[in-house]
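Peer 1: The structure under discussion is supplied below as structure tokens; questions concerning it will follow.
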């Protein structure tokens, strides 16, 4: 994969286009095409290899890391793309440890505003209700560490202030699972998101 990336900088963008055009569910069919998981795994590996090269300060990798996320924002974060695919792409970026580009946050926010028009401008309810629903939907065997791995990629699309608000809400939630998650998020990888001690006293 590394050799392929160094000789063919179109590999990662091609995998993204293939995933979206031929493999991903489109909202009408909930089951992805047989090649979806394979294509997603290859894209995940390609993103990781790009991140390795970014750390080595290779100019082609720095440019590609930005371009692939610009492409992702433009091609994937629009109403006709299944939300599960968008979540998978965010998770792939999170797994690769590439810094999430602002363009994806902006497109995700715009998409949220688009959907809000069809719900009379109402949000998903107050924060505590949202957290309670998350706790209820979590598999019974899911421990806080496993749930944290599912939650972090989805939180990544929010600005730091929004993430901090969610974490503070977790600390104050009536749900014990949310309290445990809030404690774990004291070690959030982004220092600007970590709650201040006075929010959970």
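Residue numbers (my numbering): 23 to 223. Even glycine gets a Cβ: it sits at the ideal position worked out from N, Cα and C. The model shown is predicted, which means the values in this text are computed figures rather than measured ones.
Rank 89, 98 and 122 by C-alpha distance to the C-alpha of residue 45 and give the top, closest one.
Peer 2: That would be 98, whose Cα lies nearest to the Cα of residue 45.
Peer 1: For the alpha helix (DSSP H) that contains residue 43, what are its first and last residues?
Peer 2: No alpha helix (DSSP H) contains residue 43, which DSSP labels as neither H nor E.
Peer 1: By the 10 Å Cβ neighbour count, where 16 or more other Cβ atoms means buried, how is residue 76 classified, buried or exposed?
Peer 2: Buried is the call here.
Peer 1: At what residues does the alpha helix (DSSP H) containing residue 59 begin and finish?
Peer 2: 58 to 77 is the extent of the alpha helix (DSSP H) around residue 59.
Peer 1: Using 7 Å as the threshold, is the C-beta distance between residue 178 and residue 116 below it?
Peer 2: It is a contact, given that the beta carbons lie within the stated cut-off.
Peer 1: So the candidates are 68, 107 and 198; which of them puts its Cα closest to the Cα of residue 87?
Peer 2: Among 68, 107 and 198, the Cα nearest to that of residue 87 is on 68.
Peer 1: Since residue 95 and residue 126 should fall inside the 8 Å C-beta cutoff, what is the C-beta to C-beta distance between them, to a whole number of angstroms?
Peer 2: That belief holds up - the Cβ atoms of residue 95 and residue 126 are roughly 5 Å apart, short of 8 Å.
Peer 1: Residue 212: which of 202, 199 and 185 sits nearest, CA to CA?
Peer 2: Answer by Cα proximity: 185.
Peer 1: Residues in its own chain within less than 6 Å of residue 34 by CB, not counting five upstream and five downstream?
Peer 2: 68 and 90.
Peer 1: Could you give the distance in angstroms between the alpha-carbon of residue 105 and the alpha-carbon of residue 29?
Peer 2: Rounded to whole angstroms, residue 105 to residue 29 spans 33 Å at the Cα level.
Peer 1: Going by DSSP in three states, residue 198 sits in which element: helix, strand or coil?
Peer 2: Residue state, collapsed to three classes: helix.
Peer 1: By the 10 Å Cβ neighbour count, where 16 or more other Cβ atoms means buried, how is residue 60 classified, buried or exposed?
Peer 2: Classification for residue 60: exposed.
Peer 1: Using only CA atoms, which one of 108, 31 and 43 lies nearest to residue 80?
Peer 2: Comparing Cα positions, the closest option is 31.
Peer 1: Smallest Cα separation from residue 78: which of 107, 24 and 198?
Peer 2: The shortest Cα separation from residue 78 among 107, 24 and 198 belongs to 24.
Peer 1: Using the three-state DSSP reduction, which class does residue 54 fall into: helix, strand or coil?
Peer 2: Here residue 54 sits in coil by DSSP.
Peer 1: For residue 42, which of 121, 216 and 102 has the nearest alpha-carbon?
Peer 2: Per the Cα distances, 102.
Peer 1: How far does the alpha helix (DSSP H) with residue 213 in it reach, from first residue to last?
Peer 2: Looking at the DSSP string, residue 213 is not in any alpha helix (DSSP H), and its letter there is neither H nor E.
Peer 1: Below 7 Å CB to CB, which residues in the same chain sit around residue 54 once its five sequence neighbours on both sides are set aside?
Peer 2: Only 45, 46 and 47 meet the Cβ criterion.
Peer 1: Buried or exposed: which applies to residue 198, given that a residue is buried once 16 or more other Cβ atoms fall within 10 Å of its Cβ?
Peer 2: It is exposed - the Cβ of residue 198 has fewer than 16 other Cβ atoms within 10 Å.
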